[in-house]
Amino acid sequence: YSVDENRLAILQGEEKLSNLDDVLFDSTPACGVGHGWSIAPESWLKSDADIKVDSHLLPDARSLLKLARQAVAENHTVSAENTSINYLRNQVASKPRH
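Note that my numbering has the sequence shown beginning at 8, numbered continuously upward.
What follows is the structure in structure tokens.
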């Protein structure tokens with residue numbers, strides 16, 4: 008991601024979901040929110056990363072309105088039948104079944 012002149016995140020490359028074991032946690036202080044962090048805490052706890060996690064804090068749709076307004080203004084939209092929610096489609100916040 009990069010940041011544009013309005014301080015909005017701009018995706019560089021293609022969207023993809025990564026396996027937690029493939030994510031590099033560096034020493035940059037960070038925060039993690041949402042219940043996904045509680046699924047596999049060993050992935051980030053084993054690192055030296057300074058990560059504060061609140062698994063009960065969930066996204067607020069109002070926070071996405073800035074991004075949505077810009078996307079609509081720039082005609083970066085897709086029809087409803089061509090949308091896919093990665094977290095639901097790929098079940099990334101589900102524990103593996105054994």
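Glycine residues also receive a C-beta, built at the ideal position from the N, C-alpha and C atoms.
(Q) By DSSP's criteria, I58 is part of a beta bridge. Which residues make up the other side? (A) For I58, DSSP records a beta bridge to A37.
Q: Sort out for me which residues DSSP pairs I17 with in a bridge.
A: Answer is S9, bridged to I17.
(Q) Within the continuous alpha helix (DSSP H) that includes W51, where are the two ends? (A) Counted as a single uninterrupted DSSP element, the alpha helix (DSSP H) harbouring W51 occupies residues E49 to L52.
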